[in-house]
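Asks: The structure follows.
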Amino acid sequence: MESRPAYAVDIEVATRFLDEQSAPEQDRYVFAYTIHIHNSGCVPAQLLSRRWRITDANGKVQEVRGEGVIGQQPHLDPGEDFQYTSGAVLETDLGTMEGSYAMVADDGTRFEVPIPAFTLSVPRTLH
């Protein structure tokens, strides 16, 4: 039988462009991102804080740090999931986000969960 690591969290991201909240003529592009967090380890753990690095197509970088996600610090038992949706506003129609979650396991061990870079982009339409 394959053993699971004690501290393992899987992250999946889905993004979408919010046309109705955006104003391209004012360099305002609004995106929503939905994060799916899955505790694939064998120890319960709680998400304490988040860190984001958001970069637009002009190279402008926003650093975002804060406690929890959407006002919550979810506690996940092994095999448990948590999903939330949040947003980002860019001055360009293309950008990237990457970051990490700071977690603490029930045994007191603190660990970081990297969030791989993902793209925020306005869908292109063909006429």
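Counting with UniProt numbering, you get residues 1 to 127 for the letters of the sequence shown.
For glycine and all other residues, C-beta sits at the position ideal for the given N, C-alpha and C.
Across the segment 95 to 106 and the segment 47 to 54, are there enough close Cβ pairs to call them in contact, namely three or more that are closer than 8 angstroms?
Replies: Judged by Cβ distances under 8 angstroms, the segment 95 to 106 makes contact with the segment 47 to 54, as three or more pairs qualify.
Asks: Can we count residue 114 as close to the ligand NAP, meaning its CB is less than 8 angstroms from some heavy atom?
Replies: Here there are no bound small molecules, and the ligand NAP is not part of this structure.
Asks: At which residues does the beta strand (DSSP E) containing residue 50 begin and terminate?
Replies: Run containing residue 50: 45 to 56, per the beta strand (DSSP E) assignment.
Asks: Let me know the beta strand (DSSP E) ranges lying completely inside the segment 52 to 125, each 3 residues or longer, listed in chain order.
Replies: As far as the segment 52 to 125 is concerned, its whole beta strand (DSSP E) runs of at least 3 residues are 61 to 67, 81 to 90, 94 to 105 and 110 to 121.
Asks: Output the distance between the C-alpha atoms of residue 8 and residue 74, rounded to the nearest integer angstrom.
Replies: C-alpha separation (whole angstroms): 15 angstroms.
Asks: Taking Cβ to Cβ, would you say residue 120 is nearer than 9 angstroms to residue 15?
Replies: The answer is yes: Cβ separation under 9 angstroms.
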